[in-house]
Structure formats: structure tokens, C-alpha cells
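Chains as they are written, first to last, in my numbering: chain A, 1461 to 1787; chain B, 1461 to 1787. The beta-carbon is built from N, C-alpha and C at its ideal position, and this holds for glycine as well. Scroll down for the structure; my scribbles are underneath it.
Number of protein chains: 2
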Amino acid sequence: MAQDNYKGILAIHGGAGNIQRQNISPEKQKEYITKLTEALQAGYDTLQNGASSTDAIVTTIMVLENSRLFNAGKGSVFTNDETNEMDASIMDGDTKSAGAVAGIKTIKKPITAAQAVKDHSEHVMLSGDGADLFGKEQGLEIEESAYFADSNRLKHLIKLKAKEKSELDHDADDRGELPVDYDINDDKYGTVGAVALDRKGNVAAGTSTGGMTNKRWGRIGDSPIIGAGTYADNETCAISSTGHGEYFIRHVAAYRVAMLMELKKYSLDKAANEVVHKTLLSDGGRGGMVGIDRKGNISMPFNSPGMFRVYVTKKGEIKVFLFGDEK
Amino acid sequence: MAQDNYKGILAIHGGAGNIQRQNISPEKQKEYITKLTEALQAGYDTLQNGASSTDAIVTTIMVLENSRLFNAGKGSVFTNDETNEMDASIMDGDTKSAGAVAGIKTIKKPITAAQAVKDHSEHVMLSGDGADLFGKEQGLEIEESAYFADSNRLKHLIKLKAKEKSELDHDADDRGELPVDYDINDDKYGTVGAVALDRKGNVAAGTSTGGMTNKRWGRIGDSPIIGAGTYADNETCAISSTGHGEYFIRHVAAYRVAMLMELKKYSLDKAANEVVHKTLLSDGGRGGMVGIDRKGNISMPFNSPGMFRVYVTKKGEIKVFLFGDEK
């Protein structure tokens, strides 16, 4: 695609995992499609009105963070301690400035905390209570723990803890042994993210997650790690990852896509597919990513059965897909 | 260098920054040289006895963590809250397994916590109190906060706080306006790290730090970030970074060296020099790194006035350098 007369373009993911038709009822599918479309539309509208790609990403991700359907913000899964601890990051492909938070518990919209770190601190990454305090000092919306606590997610945690096993070695989701309306965000792949290109030709990426159900010891996944869960550079691409975070960290997945483009002159799609289908799968890393380049090309590869994904074409058409057999 | 009859090779850094002759008395220089040599010798001895590169790195870094001379473990600088919060990471170039901890307060030797995460958890990165708990559960040595509290470092913090400015905008160190025996580890570049190649031909890297004096909000720098502060892959190299962490994170500095080697076929030295002298300096990122490849080549570039660095030649000679005019 050539860089022509558009005012902005956007793609989002709502998590990858064992997303198959038989596991999600038609009603639930409709709920996901409606909310994903709403999120994309919100970000797209701001781009049409001249917003920067970073602002569009924050607008989009906030819609998902405000929904119980996704494992981020209000819908975050529970830790082993029965708390909700959230991670988020954002990167601006124009300036390469970046912000991230890990293990926050009180900030209503974690992506706004990542943005505040980027814009109002000299740091890239803040963590724990200190990051919550920073967000509060920045005037971000704060919520009590009850706001983030969803009774269904708590039930899932309690069931998991009863089994005395962590979600990480809970392999049922990989074998398709799940009931209909199994909550796909309770598996280890739930995360939301967005990539955007604005009318000035700047790309950006952002990612937000509640992490892994039953996580303990202050585990940090790839979502708040620049280079793994999020990366953006106008010269190459903007990427937001979703999947089994440990693999994305060790393979520096988002940045590897950018490097294949910069150093090997791969297209975005070739680079993203290589990382998802070869690099990550080389040792069993499951998940996917959304990417965008400065020409408005979009790539959305995943190696799990499905990935919630939405994008808008240059003509303004919104395309929503949930399963692996759609495109 | 060809891969010949050696039993192991090792290089370490003890931090980069405004390390100039006029700022460090001859007595203090001797102290640094003695301790750096001791650390290298300890790791080198284990390699000669057949230890893996990861074990040699842990052995080496523990010596530096147990000294008040370096900003890691016992010598860690103070946060704004007058606590000592430490970060560390390690990566094995053979399996590409990795472990990291961020913001720990009680584990005597933080590099052992990173190693435990790598070897005994399904995660890559743990943080805060949870990471301390994990270390305790793993039977690692625990210390009270008094163990980490150095009176001189506390004085430095109090002075800084009185000025109500963070070390990050304390530019005196860049202008050479420092008294003799100014504590170089109180500046923003203090960190220790090591890279090693063992007799099996496996490389590894590890990094440990107390972070930045007067850091707040749970700030995490590059040291515990795989791809930024630490990276290792037998196919390319092992890297440990030291410097102004935010730049190393945004430029994914350690992994970028590996990518220039893998995708552009650069030598280790060419790749490391490009990242330190071009990529990082492109927006003012100061610091350096040590790297090793599978052939036993070592590279130790830095763009600050000095960097504490030590390595052992294949003949077993130990070389120690502190300043920019030595090699």
C-alpha cells in the first residue's frame, strides 16, 4: 500500500489463545465483536480528528480496559494473592520515547499510567506501589480494589488454586478441552493492544494486561517490556504482542520484527510472520501480535487457535476477526 | 581468534561514568583494581574447573555484590525512600533461558535470585516483595535492610534530596566538577556485570545493580530487562550493559548487538561499537557494555569518560582498566 490520502489507520488485538467457535457461544462472540468494534471506532475517530497515533492508542485501549470482557484494567485476572496487578506500556515511533508500568493495583486505566510515565517522567518503567503513587500524583483516575475484582474471575482463580497448580502448567486450553463460554481471558494469553499510524505518518504501539491468572511473586510478563510486548519506530514498525509472555521476552519478539525490517529489509508482514511462526514456535511460544508500518500496512499473525483482532481499512471499513479460519 | 585450547574466558564491568584519574585517588584506584581482579579470578577459577558460563557469572558477580565499592548488593545506592532496591538478571546463551528480579530488598546476592528465577520458576521476571519471597522460598541468603545501608551512600542521598533534584538531572558528573574520591557509583551509571564463555562453548551474561541514587516510584532500569541490560545467545554473543538505563531500554541495546551480528554478519566488536557509539549516542545515551562471542572474542566499548573493566586473555593474563585512555 502506498502512503496516500488517509487520515489514520489502526489495528487492535484483544488477546490470543484457544479461541475456537466451539468454546465461545454466539452471544458471547457478539459481545466481543461489539466491544472490539467500539474500541477501534473510538481510536479511529480521534485519528480522523487529527489526534496523534499515541493518543489514538490510549483512547482505544481505555475502551477495552473499561470492559470486563478483556484481561486488562477492569477485567484483569487475579493473582495468587487474590489481587489484581496490571501492566501496560506505550511507545511513540516518532521520538522513540516510551513509558511502562508493572504491577499497579489502583490506576483505573493502566495505559494512561504508561502514557504519563512516557510524557511526565525521566524514566521508561515504573513498578509496584511506586508506580501507583506516580499515577496518583499525575492526577490519574484511581479505583479501590473492588473495582477490578470480577466474581467470575475470582471463581476461576479459586478453582485453579484448589488444584494447586498455576495457570502456566494448566494445559487444558491447549488441548481444546474447554466448555462453551470458557473465559478465554482467563488463560495465559489474554492481553489487549493497539498499533496506529496517524496523518503525520507517525506510528505508535501500546499494550495493557492483567497478566496471568494465579501469577505470583510479582511476575512481570512481556506487556510492559519495551522490545518484547511493545515497540515502535517510524523507520520500521509499531508492534503490540499478546501471548505467553516469557517466550516473547526471551526472543525480544517485538523488536525482532523491527530488526528484520531494518537490517534484512523484510516487509512488515514477512518479518512479523517469521517471528510468530518461526522464532516463537521454535521453543513452543504461543501467541500473536499486531503490527503497522509507516505506509499503513498491517500484519496480525498468531500461532494459537485464534486471536481477537480488528482493523480499519484505508477506506474506513472495520474488519473484526476472532478465529483462526477467518481473514 | 580461533576456538582453541582454552578452558574458559570471562570479562566484567564494574560500571561506567565520569571515571577519570583526577576524580579517584591512587589508593581508591588500587581498591577497585584489587576487588575487580578478585572477582574475575573467582569466576575464572570456576571455569578452569569446568563450571558452566552461567555459574562463573554468578560466582564473579557475587564478589562484586559483596563489596561496598560497587552499586550492587551490599553497595547499592539509596532510593528516594531511603531504601535499597536491587535489580539483576542472567541469561544462558545455550538454552536462551533467562531470569531476572526487579526491586528486591532482602536478598543478599541479587544475581543468585536471578539465577533461581531462571532455574526454578516458569517465569523470566519477578518483582518487588514477591521476588523477595520467591528468593526466600528458594533458600537464598536474606539480609535485613541494615546490611545494605552504607552511611556514605545515605549521606549522598540526603545531599541530593536537599537539592530536591534527582540524580538524573544532576549533570555535574558530566562536567568533571567532582572532588577526588567522589563515589563514582553514586552516579547514574553504576552497575556490575559479566560475560563468560565456558569450555563447552556456551556463552552467558549477567548484570546486577542498585539502580540510580534517589530513584523513586519503583523505577526499573535496563539491568533486569532481557534485551536491554542482558542478553545471551550462543549463535551471536553475550552482553551485559551499564549506563543510563532508559536509553538502553528504548534502544534494546544488548539485543541490538546480537541482531547486527546475526542479520548483518558484523563482528562482535563492530556491532558493540556501533550500538555504543552510534545508536546510544544518537540521543545522548551514555554508558558501555562488555560482550563475548563463542570464539572467545571480547568487546568492551563505552562512550563515557571511563568504565571499570577487566578481562582474562586466553593465556590466563588478567587485564584491568579503569579509564578511557587505557587499553
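What in chain A is Cβ-close to residue 1547 (chain B), meaning under 9 Å?
Within 9 Å Cβ-Cβ: nothing; residue 1547 (chain B) doesn't reach chain A, min ~10 Å.
Within 10 Å of its beta-carbon, does residue 1536 (chain B) have 16 or more other beta-carbons around it, so buried, or fewer, so exposed?
By the 10 Å Cβ count, residue 1536 (chain B) comes out buried.
For residue 1678 (chain B), the three-state DSSP class (helix, strand or coil):
Here residue 1678 (chain B) sits in coil by DSSP.
By the DSSP assignment, the alpha helix (DSSP H) with residue 1514 (chain A) in it spans what residues?
1513-1525 is the span of the alpha helix (DSSP H), which, as asked, contains residue 1514 (chain A).
For residue 1580 (chain B), go through chain A and note every residue whose CB falls closer than 9 Å to its CB, in chain order.
Within 9 Å of the CB of residue 1580 (chain B), no CB atom of chain A is found; the nearest one sits about 11 Å away.
Can you give me the Cβ contacts of residue 1580 (chain A) inside the same chain, cut-off strictly under 8 Å, excluding the 5 residues immediately before and after it?
Sequence-distant Cβ neighbours of residue 1580 (chain A) in its own chain, meaning closer than 8 Å and more than five residues away, are 1598.
Just confirm the distance between the C-beta atoms of residue 1719 (chain B) and residue 1719 (chain A), as a whole number of angstroms; I'd bet it's less than 8 Å.
For a cut-off of 8 Å, the C-beta gap from residue 1719 (chain B) to residue 1719 (chain A) is around 4 Å, short enough to register as a contact.
Within 8 Å, do at least three Cβ pairs link the stretch 1561-1580 of chain B to the stretch 1695-1714 of chain B?
No contact exists between the stretch 1695-1714 of chain B and the stretch 1561-1580 of chain B.
Could you please give me the residues that DSSP links to residue 1536 (chain B) through a beta bridge?
DSSP, once it has assigned bridges, lists no residue as partnering residue 1536 (chain B).
C-beta atoms of residue 1724 (chain B) and residue 1741 (chain A) nearer than 7 Å:
Contact annotation: residue 1724 (chain B) and residue 1741 (chain A) have beta-carbon atoms that are not nearer than 7 Å.
Classify residue 1684 (chain A): buried if its beta carbon has 16 or more other beta carbons within 10 angstroms, exposed otherwise.
So residue 1684 (chain A) ends up on the buried side.
Give a yes or no on whether the minimum CB-CB distance between residue 1563 (chain B) and chain A is below 7 Å.
By this cut-off, residue 1563 (chain B) is an interface position.
For residue 1580 (chain A), which three-state DSSP category applies?
In this structure, residue 1580 (chain A) counts as helix in the three-state DSSP scheme.
Could you check what DSSP says for residue 1617 (chain A) in three-state terms: helix, strand or coil?
Look at residue 1617 (chain A) here: in three-state DSSP terms it is helix.
Short Cβ contact (7 Å threshold) for residue 1588 (chain A) with residue 1588 (chain B)
Taking a C-beta distance under 7 Å as the contact criterion, residue 1588 (chain A) and residue 1588 (chain B) qualify as a contact pair.
Using a beta-carbon distance below 7 Å, is residue 1590 (chain B) in contact with chain A?
Cβ-Cβ to chain A under 7 Å: yes for residue 1590 (chain B).
Cα separation between residue 1449 (chain B) and residue 1509 (chain A)?
Residue 1449 (chain B) cannot be examined here, being either before or after the span of chain B that is shown, 1461 to 1787.
Short of 6 Å in beta carbon distance, which residues of its chain neighbour residue 1517 (chain B), apart from the five on each side in sequence? Order them along the chain.
Same-chain partners within the cutoff: 1654, 1656, 1664 and 1666.
Indicate the three-state DSSP secondary structure (helix, strand or coil) for residue 1806 (chain B) in the structure shown.
There is simply no residue 1806 (chain B) to check, as chain B begins at 1461 and stops at 1787 in what is shown.
Looking at chain A, is there any beta carbon in it that lies within less than 7 Å of the beta carbon of residue 1715 (chain B)?
Taking 7 Å as the CB threshold, residue 1715 (chain B) lines the interface with chain A.
How would you list, in chain order, the residues of chain A whose beta-carbon sits under 8 Å from the beta-carbon of residue 1706 (chain B)?
The answer, in chain order, is 1582, 1583 and 1584.
Counting only Cβ pairs nearer than 7 Å, list the residues of chain B close to residue 1710 (chain A).
Per Cβ cutoff of 7 Å: 1556, 1558, 1584 and 1686.
Say whether the stretch 1746-1762 of chain B touches the stretch 1464-1484 of chain B, bearing in mind that this needs 3 or more beta-carbon pairs closer than 8 Å, one atom from each stretch.
Contact holds: three or more Cβ-Cβ distances are below 8 Å.
Check whether chain A comes within 7 Å of residue 1679 (chain B), counting only Cβ atoms and requiring the distance to be less than that.
Taking Cβ atoms only, chain A reaches closer than 7 Å to residue 1679 (chain B), which makes this a yes.
For residue 1762 (chain B) and chain A, any beta-carbon pair shorter than 7 Å?
Output row for residue 1762 (chain B): interface = no.
For residue 1723 (chain B), decide whether its Cβ has a neighbour in chain A, counting only Cβ atoms nearer than 7 Å.
Yes, its Cβ sits closer than 7 Å to a Cβ of chain A.
Can you say whether residue 1525 (chain B) is buried or exposed, counting buried as having 16 or more other CB atoms within 10 angstroms of its CB?
By the beta-carbon neighbour count (other beta carbons within 10 angstroms, threshold 16), residue 1525 (chain B) is buried.
What separation, rounded to the nearest whole angstrom, lies between the Cα atoms of residue 1486 (chain B) and residue 1659 (chain B)?
The C-alpha of residue 1486 (chain B) lies about 37 Å from the C-alpha of residue 1659 (chain B).
Step through the CB atoms of chain A and report whether any lies within less than 7 Å of the CB of residue 1637 (chain B).
For residue 1637 (chain B), the pLDDT reaches just 44, beneath the cut-off of 50, and the residue's location in the model is therefore unreliable, although a value from the coordinates is still provided. Cβ-Cβ to chain A under 7 Å: no for residue 1637 (chain B).
Note down the Cα distance separating residue 1594 (chain A) from residue 1538 (chain B), rounded to an integer number of angstroms.
Whole-angstrom Cα-Cα distance: 18 Å.
Is residue 1776 (chain A) buried or exposed, if buried means 16 or more other CB atoms sit within 10 Å of its CB?
Result: exposed.
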